[in-house]
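Take a look at the structure set out below.
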Amino acid sequence: MEKLKKILLVDDDPTNNYLNERLLKSLQIAEEVKVLTDGKLALDYILENCFTENHYCPGLVILDHHMPVMDGLELMEALNKNGIIKSLEIVFLLLAVHTKPEEQEAFRKLGVQEFTPKPLSKRTIREAHLKYWEGDTAKNHAKGSAK
Numbered sequence: 001m002e003k004l005k006k007i008l009l010v011d012d013d014p015t016n017n018y019l020n021e022r023l024l025k026s027l028q029i030a031e032e033v034k035v036l037t038d039g040k041l042a043l044d045y046i047l048e049n050c051f052t053e054n055h056y057c058p059g060l061v062i063l064d065h066h067m068p069v070m071d072g073l074e075l076m077e078a079l080n081k082n083g084i085i086k087s088l089e090i091v092f093l094l095l096a097v098h099t100k101p102e103e104q105e106a107f108r109k110l111g112v113q114e115f116t117p118k119p120l121s122k123r124t125i126r127e128a129h130l131k132y133w134e135g136d137t138a139k140n141h142a143k144g145s146a147k
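Following this line, the structure appears as structure tokens:
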């Protein structure tokens, strides 16, 4: 099994973060799970960590839709400014209680690949891991996975 270097979990709910972090660690698909509580912190983290020599960029970002300071949509818009997102090898998964089809379309246009309702499930994470890092058609996420 190919392990990711890091998963970035971005949600403002401490209970969800606690449960989701435990779930992600129990699956042992990443060396590290980093938890942040709003989109602005996530944006700063990505900009500081994805463009260094270490390339210690998360391979997977699990992103809440509604958060204070900067929500999920605003984060994706910020990453699309000046084409930043095009240089990132990150899979973005949106975590939301409910997402309307038009909202999903807006997120897809900004680079979100996967959508899942809350609460996060083992099945969702396993399927995403298989799709993007294990299967025959898996994308090569060299920056986001351990070699």
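Just so you know, we're using full-length UniProt numbering here: the sequence shown kicks off at 1 and counts up by one. Glycine included, each C-beta is placed from N, C-alpha and C at the ideal position.
Roughly how far, in whole angstroms, is the beta-carbon of V10 from the beta-carbon of V91, given that I think they are within contact range, below 8 angstroms?
-> Against the sequence shown, residue 10 aligns to sequence position 10. Against the sequence shown, residue 91 aligns to sequence position 91. Contact doesn't hold; Cβ gap of about 13 angstroms is too wide.
Would you tell me roughly how many angstroms separate the C-alpha atoms of K86 and E74, rounded to the nearest one?
-> As a first step, residue 86 is located in the sequence shown; it is residue number 86 there, counting from the start. As a first step, residue 74 is located in the sequence shown; it is residue number 74 there, counting from the start. Roughly 17 angstroms separates the two Cα atoms.
Proximity test, N20 beta-carbon vs the ligand ADP heavy atom, cut-off 7 angstroms = The model on display carries no ligand, and the ligand ADP is accordingly not part of it.
Is it true that the CB of E114 sits closer than 8 angstroms to the CB of L93?
-> On the sequence shown, residue 93 is found 93 positions in, with the first residue counted as 1. On the sequence shown, residue 114 is found 114 positions in, with the first residue counted as 1. In this structure, L93 lies near E114, with their beta-carbon atoms less than 8 angstroms apart.
Are the segment 10-29 and the segment 120-132 touching by the rule of at least three beta carbon pairs closer than 8 angstroms?
-> Put simply, the segment 10-29 touches the segment 120-132. At least three CB pairs are less than 8 angstroms apart.
In DSSP terms, what P117 is bridged to | On the sequence shown, residue 117 is found 117 positions in, with the first residue counted as 1. Beta-bridge pairing links P117 to A96.
Does DSSP put K86 in a helix, a strand or coil?
-> Counted from its first residue, the sequence shown places residue 86 at position 86. Reduced to three states, the DSSP call for K86 is helix.
In the DSSP assignment, what are the bridge partners of V61?
-> Taking the sequence shown and counting its residues from 1, one reaches residue 61 at position 61. By DSSP's assignment, V61 forms a beta bridge with L8 and F92.
Whole-Å CB distance - P58 paired with K6, under 8 angstroms assumed | Your numbering for residue 58 matches position 58 in the sequence shown. Your numbering for residue 6 matches position 6 in the sequence shown. 4 angstroms between Cβ atoms; contact.
Indicate whether K118 and L95 have their beta-carbon atoms separated by less than 8 angstroms.
-> Indexing the sequence shown from 1 puts residue 118 at position 118. Indexing the sequence shown from 1 puts residue 95 at position 95. Yes. Within cutoff.
List the whole-angstrom C-beta distance separating D64 from D12, where the pair is believed to meet the contact cut-off of C-beta under 8 angstroms.
-> Numbered from 1 along the sequence shown, position 64 holds the residue referred to as residue 64. Numbered from 1 along the sequence shown, position 12 holds the residue referred to as residue 12. Indeed, because the Cβ distance is near 6 angstroms, the residues count as touching under 8 angstroms.
With L130 as the anchor, note down where its alpha helix (DSSP H) starts and where it stops.
-> Along the sequence shown, read from residue 1 onward, the residue named residue 130 stands at position 130. L130 -> no alpha helix (DSSP H), and no H or E assigned at all.
8 angstroms Cβ cutoff met for L110 and N80 | Working through the sequence shown from its first residue, we reach residue 110 at position 110. Working through the sequence shown from its first residue, we reach residue 80 at position 80. In this structure, N80 lies closer than 8 angstroms to L110 by Cβ.
Beta-carbon contacts of T52 that lie in its chain and below 8 angstroms, excluding the five residues immediately before and after | As a working mapping, residue 52 is identified with position 52 in the sequence shown. Counting only Cβ-Cβ distances below 8 angstroms, and skipping sequence neighbours, we find nothing.
Quick one: what's got a C-beta closer than 6 angstroms to V112's C-beta in the same chain, skipping five residues either side?
-> Residue numbering aside, residue 112 sits at position 112 when the sequence shown is read from its first letter. The beta carbon of V112 lies closer than 6 angstroms to those of F92 and L94 in the same chain, with the five residues before and after it left out.
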